[in-house]
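**Student:** Residue numbers (my numbering): 722 to 1205.
Have a look at this one.
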Ligand code: NAD
């Protein structure tokens, strides 16, 4: 299959925080891979903007190092890297003052191209950057801003952030990134749901027993202890990533694949979520077993009550889903790194093959590692000796079926940045979605605080607290095994 690269308009992409960790690990290597794929127009530029004093040449070396360290893809030879370096500029700028802004104006002057400003800085600087871009007249009618998570820590702060951006930018110019939405398989989930006759008629509480969404990590909080301890798994993962996945699974078919049509449907799901009863949530915190420090050691607070794990049973009160539970879980220092959504269909209501056998169809959408979609179906076990049934996976692994393109799909950041340049907001969160998600999350967190809830310790390298297993056992269900 021939690789297809869809051309985009010429652009200037300014990365505020262009020397930071996220820029080094994700944004810059991702842009380089798009450059290698031939998707960066000849006149397009990438401009680093940060506090560090550095010349453009020093920045070019800094970026080359980042690309060598964090992966440039197949064509990372020195010639290609040099050609990419020629597209880079750098400005030392202070988001909170006036230093560097006249230089930025000079650099952008006279260029009537798409202007994308990536706010890869602490959220406390979002408002400062928005107002300075406006004050220094750095916006044109093709300006977009990209903002990173965390988008607030509760409803009040999210509303304040939205308001500070809305003072200077229209909602159609604001791209709130959730990189989970940029994953190939997440988009494929929509293709499978809405591009086939097969699934949609069964996609409801009449046929679906329950749905599981798991995002398991093996790493601990690492060097992010300070940030994480003020956040926890609920704020860091559930409110955004797991919620977005749940929305895509649960939403009604949008009338077309268009940004507002899709986001309207996602919003309706969030608004239909039931409040979560305390006994439908399990919080956990990894202990010091295994290698590496326990959570409290890692965050240097022996009394921390922040959860590094959360599992919950969530209900959606609407016609399609009433009665079908969604089980969500996410945590750090678990036995394996794996993100998966599983749609578990109901048992047959009558088996013509004699004794009752638990054969269920399950559709598994695997986000990492080894992205792919598998449908478990029941067939006859081959050979003589009667009718024995066996479950086999129908593997929709993309690489085999689709060839080269599927083997090396763009990483989530690459895809999302190119969507920003194209002006396509479908895979970005709208302000009202983020607020609705906080409005649902806040009372859960407030309940923990009011009750002085202490997370259950769990062994590092395990599959989490036993209470999470019990929570499903009460419903006569089990978590799907988290496979490496
Ligand atoms: P970082 O601390 O590594 O980098 C911060 C950057 O901001 C630096 O380039 C610094 O020079 C710049 N900066 C700080 N103050 C400034 C000022 N006054 N004026 C101009 N520039 C200033 O942070 P990071 O890890 O790259 O994270 C950036 C943003 O992305 C944060 O909002 C973070 O929550 C979010 N994020 C990061 C990751 C990640 O993996 N690092 C993942 C998801 C989201």
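Just so it is clear, CB atoms sit at the ideal spot from N, CA and C, and this is done for glycine as well.
Remember, it's a predicted structure, so these values are computed and weren't measured experimentally.
Below 8 Å on the Cβ atoms is my guess for residue 1180 versus residue 1008; work out the distance and round it to an integer in Å.
**Tutor:** In the chain shown, residue 1180 corresponds to position 459, counting from 1. In the chain shown, residue 1008 corresponds to position 287, counting from 1. Between residue 1008 and residue 1180 the Cβ distance is about 6 Å, and since that is below 8 Å, they are a contact.
**Student:** Would a C-beta distance cut-off of 7 Å place residue 886 and residue 895 closer than the cut-off?
**Tutor:** Position 165 of the chain shown holds residue 886. Position 174 of the chain shown holds residue 895. A contact, by the Cβ cut-off of 7 Å.
**Student:** Please give the ranges of any alpha helix (DSSP H) in the stretch 836-883, keeping only runs that are unbroken, at least 4 residues long and fully inside the region.
**Tutor:** Runs of the alpha helix (DSSP H) inside the stretch 836-883: 847-856.
**Student:** Please find out if some non-hydrogen atom of the ligand NAD comes closer than 6 Å to the beta-carbon of residue 869.
**Tutor:** The count along the chain shown starts at 1 and reaches residue 869 at position 148. Under cutoff, so the answer is yes.
**Student:** Taking 7 Å as the limit between beta carbons, can you name the residues of its chain near residue 983, skipping five residues before and five after?
**Tutor:** To locate residue 983, count along the chain shown from 1; it is residue 262. Here the set comprises 975 and 1147.
**Student:** Under a Cβ-count criterion, where at least 16 other Cβ atoms within 10 Å of its own Cβ denotes burial, should residue 722 be classed as buried or exposed?
**Tutor:** Here residue 722 corresponds to residue number 1 of the chain shown, with the count starting at 1. Legend: pLDDT at residue 722 = 45, less than 50; position of this residue unreliable, value from coordinates given subsequently. The residue in question, residue 722, is exposed, as its Cβ has fewer than 16 Cβ neighbours within 10 Å.
**Student:** Run through the DSSP bridge pairs and tell me what residue 1111 is partnered with.
**Tutor:** Here residue 1111 is taken as the residue at index 390 of the chain shown, counted from 1. 1100.
**Student:** Give the C-beta separation of residue 909 and residue 1094 to the nearest angstrom, bearing in mind that I take them to be a contact with Cβ-Cβ under 8 Å.
**Tutor:** Here residue 909 refers to the residue found at position 188 when the chain shown is read from its first residue. Here residue 1094 refers to the residue found at position 373 when the chain shown is read from its first residue. The Cβ separation is near 6 Å, so the contact holds.
**Student:** Tell me residue 1177's beta-bridge partners as DSSP assigns them.
**Tutor:** Numbered from its first residue, the chain shown carries residue 1177 at position 456. According to DSSP, which records beta bridges pairwise, residue 1177 is partnered with 1005.
**Student:** Give me the Cα-Cα distance between residue 1199 and residue 1149, rounded to the nearest whole angstrom.
**Tutor:** Here residue 1199 refers to the residue found at position 478 of the chain shown. Here residue 1149 refers to the residue found at position 428 of the chain shown. If I take the Cα positions, the gap works out to 33 Å.
**Student:** May I ask whether a heavy atom of the ligand NAD can be found less than 6 Å away from the beta carbon of residue 1171?
**Tutor:** On the chain shown, residue 1171 is found 450 positions in, with the first residue counted as 1. Flag unset: Cβ of residue 1171 not near the ligand NAD.
**Student:** Count the CB pairs spanning the stretch 927-939 and the stretch 868-879 that are closer than 8 Å, and state whether there are at least three.
**Tutor:** Touching, no, given that fewer than three Cβ pairs across the two stretches are closer than 8 Å.
**Student:** Applying the 10 Å Cβ sphere with the 16-neighbour rule, what's the burial state of residue 1167?
**Tutor:** The count along the chain shown starts at 1 and reaches residue 1167 at position 446. With fewer than 16 Cβ atoms within 10 Å of its Cβ, residue 1167 is classed as exposed.
**Student:** Is DSSP giving residue 1117 helix, strand or coil here?
**Tutor:** Position 396 of the chain shown, counting from 1, holds the residue named residue 1117. Residue 1117: coil per DSSP, three-state reduction.
**Student:** By how many angstroms is the C-alpha of residue 749 removed from the C-alpha of residue 807?
**Tutor:** Counted from its first residue, the chain shown places residue 807 at position 86. Counted from its first residue, the chain shown places residue 749 at position 28. Roughly 14 Å between the two C-alpha positions.
**Student:** Applying the 10 Å Cβ sphere with the 16-neighbour rule, what's the burial state of residue 1154?
**Tutor:** Here residue 1154 corresponds to residue number 433 of the chain shown, with the count starting at 1. The residue in question, residue 1154, is buried, as its Cβ has 16 or more Cβ neighbours within 10 Å.
**Student:** Would you mind sorting residue 732 into buried or exposed? The rule is 16 or more other CB atoms within 10 Å of its CB.
**Tutor:** Stepping through the chain shown from its first residue, residue 732 is reached at position 11. So residue 732 ends up on the buried side.
**Student:** Across the stretch 922-933 and the stretch 1034-1049, are there enough close Cβ pairs to call them in contact, namely three or more that are closer than 8 Å?
**Tutor:** At 8 Å Cβ cutoff, the stretches touch.
**Student:** How far does the alpha helix (DSSP H) with residue 1153 in it extend, from its first residue to its last?
**Tutor:** Against the chain shown, residue 1153 aligns to sequence position 432. Unbroken alpha helix (DSSP H) run through residue 1153: 1152-1172.
**Student:** Quick check: is any heavy atom of the ligand NAD less than 6 Å from the C-beta of residue 944?
**Tutor:** One-based indexing of the chain shown puts residue 944 at position 223. Residue 944 Cβ: outside cutoff for every heavy atom of the ligand NAD.
**Student:** Could you name each continuous alpha helix (DSSP H) segment of 4 residues or more that falls completely within the stretch 953-1031, going from the start of the chain to the end?
**Tutor:** Those alpha helix (DSSP H) runs which fall completely within the stretch 953-1031 and span 4+ residues are 964-971, 980-993 and 1016-1019.
**Student:** Given a threshold of 16 other Cβ atoms within 10 Å of its Cβ, counted over all protein chains shown, does residue 1070 qualify as buried or as exposed?
**Tutor:** The residue labelled residue 1070 in the question sits at position 349 within the chain shown. Burial call: exposed.
**Student:** Could you tell me if residue 784 is buried or exposed, where buried requires 16 or more neighbouring beta carbons within 10 angstroms of its beta carbon?
**Tutor:** Position 63 of the chain shown, counted from the start, is the residue given in the question as residue 784. Looking at its Cβ environment, which holds 16 or more other Cβ atoms inside 10 Å, residue 784 is buried.
**Student:** Given this structure, state the Cα-to-Cα distance separating residue 1055 from residue 1014, to the nearest angstrom.
**Tutor:** As a first step, residue 1055 must be located in the chain shown, where it is residue number 334. As a first step, residue 1014 must be located in the chain shown, where it is residue number 293. The straight-line gap from Cα to Cα measures roughly 14 Å.
**Student:** If residue 751 sits next to residue 1134, beta carbons under 8 Å apart, how far is it from one beta carbon to the other, in whole angstroms?
**Tutor:** The residue given as residue 751 occupies position 30 in the chain shown. The residue given as residue 1134 occupies position 413 in the chain shown. Contact holds; Cβ gap of about 4 Å.
**Student:** Any idea what DSSP makes of residue 1083, helix, strand or coil?
**Tutor:** Locating residue 1083 in the chain shown gives position 362, counting from the first residue. Three-state DSSP puts residue 1083 in a strand.
**Student:** With distances taken from CA atoms, which of 1156, 1101, 727 and 743 is nearest residue 945?
**Tutor:** Residue mapping note: residue 945 aligns to position 224 of the chain shown, counting from 1. Comparing Cα-Cα distances from residue 945 to each of 1156, 1101, 727 and 743, the minimum goes to 743.
**Student:** In this structure, does DSSP put residue 1141 in helix, strand or coil?
**Tutor:** Counted from its first residue, the chain shown places residue 1141 at position 420. Residue state, collapsed to three classes: helix.
**Student:** Starting from the N-terminal side, write out each stretch of the alpha helix (DSSP H) that is 4 residues or longer and does not extend beyond the stretch 904-961.
**Tutor:** Qualifying alpha helix (DSSP H) stretches, in chain order: 905-916 and 946-950.
**Student:** Can you give the Cα-Cα distance for residue 830 and residue 857, rounded to whole angstroms?
**Tutor:** If you number the chain shown from 1, residue 830 lands on position 109. If you number the chain shown from 1, residue 857 lands on position 136. Each residue's Cα considered, the two are about 11 Å apart.
**Student:** Measuring from the CB of residue 817, is there a heavy atom of the ligand NAD at a distance below 6 Å?
**Tutor:** One-based indexing of the chain shown puts residue 817 at position 96. Residue 817: yes, Cβ under 6 Å from the ligand NAD.
**Student:** Less than 6 Å between the CB of residue 781 and some heavy atom of the ligand NAD, yes or no?
**Tutor:** Locating residue 781 in the chain shown gives position 60, counting from the first residue. Result no, Cβ not under 6 Å from the ligand NAD.
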